[in-house]
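A.B. asks: A single structure is presented below for examination.
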Amino acid sequence: MGNVFVFDHPLIQHKLTYIRDKSTGTKEFRELVDEVAMLMAFEITRDLPLQDVEVETPVTAAKAKVLAGKKIGLVPILRAGLGMVDGVRKLIPAAKVGHVGLYRDPETLQPVEYYIKLPSDINERELIVIDPMLATGGSANDAIASLKKRGAQNIRLMCLVAAPEGVELIKKEHPDVDIYLAALDEKLDDHGYIVPGLGDAGDRLFGTK
Ligand code: URA
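With the numbering used here applied, the sequence shown corresponds to residues 2 to 210, in that order.
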């Protein structure tokens with residue numbers, strides 16, 4: 002636990018390049034994010050436990066394996082996290098989805114949770130928190146703390162792109178949480194954007210500005 006995994010699969014890297022490209026429009030951006038989320042889910046679930054079963058093939062009885070029933074929960078952080086949920090659910094359709102909405106009070110700088118709705122059994126689930134842009138790490142840090150306060154035991158963090166500052170914060174505050182990334186970028190700029198990054202993920206997903 003507390004590990005950082007950067008997925009260098011060629012398909013993920015190829016698609017991420019077009020996600021970064023400022024000339025990529027909303028429709029294509031959304032589709033690419035969805036595809037990368039699906040590819041990342043394939044990697045993130047590599048260690049899910051299996052159990053032995055018997056199956057009748059058209060030819061014979063065979064020993065085979067199925068997932069050992071580990072329950073998964075996805076927790077996108079609003080709003081950009083929504084862009085990666087469907088891609089993950091294509092591979093893990095049984096996953097339940099909770100939502101967390103947070104903003105930082107500009108005066109107190111304290112996190113304000115304006116929305117939270119979670120599966121009732123989060124303490125039994127392997128939770129994947131989804132935050133496409135891990136910039137300062139403030140939102141992911143607060144969301145993870147909030148889930149732990151409500152009983153979550155096993156949490157992973159899935160991001161598209163991260164800055165070193167965000168990764169360091171999560172490693173320090175939540176050393177039990179593994180972090181999965183498509184890219185670890187260079188730094189944050191003065192406005193809190195990841196460099197080189199891809200701009201504002203929420204705006205690019207939803208066509209706002
Ligand atoms: N959030 C974004 O959407 N993009 C960044 O670069 C940083 C935070």
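By construction, the Cβ of each residue, glycine as well, lies at the ideal position given by its N, Cα and C atoms.
All values reported here derive from a predicted model rather than from experimental measurement.
Please report the residue range of the beta strand (DSSP E) in which residue 57 lies.
C.D. replies: 51-57
A.B. asks: If you run the structure through DSSP and keep just helix, strand and coil, what is residue 146?
C.D. replies: helix
A.B. asks: Identify whether residue 45 lies in helix, strand or coil by the three-state DSSP scheme.
C.D. replies: helix
A.B. asks: Does residue 175 come out as helix, strand or coil in the three-state DSSP assignment?
C.D. replies: coil
A.B. asks: Just to confirm, is the Cβ distance from residue 153 to residue 135 under 7 Å?
C.D. replies: no
A.B. asks: What does the Cβ neighbour count give for residue 133, buried or exposed, with the cut at 16 atoms within 10 Å?
C.D. replies: buried
A.B. asks: Can you tell me which of the three DSSP states residue 15 falls into?
C.D. replies: helix
A.B. asks: With a cut-off of 8 Å, do at least 3 Cβ pairs link the stretch 189-204 to the stretch 15-29?
C.D. replies: yes
A.B. asks: Spell out the partners DSSP gives residue 74 in its beta bridges.
C.D. replies: Note: residue 74 is bridge-paired with 97 and 128 in the DSSP secondary-structure output.
A.B. asks: Excluding the five sequence neighbours on either side, which residues of its own chain have a C-beta within less than 7 Å of the C-beta of residue 12, listed in chain order?
C.D. replies: 40
A.B. asks: Leaving aside the five residues before and after residue 36 along the sequence, list all residues of the same chain whose C-beta is less than 7 Å from its C-beta, in chain order.
C.D. replies: 16 and 88
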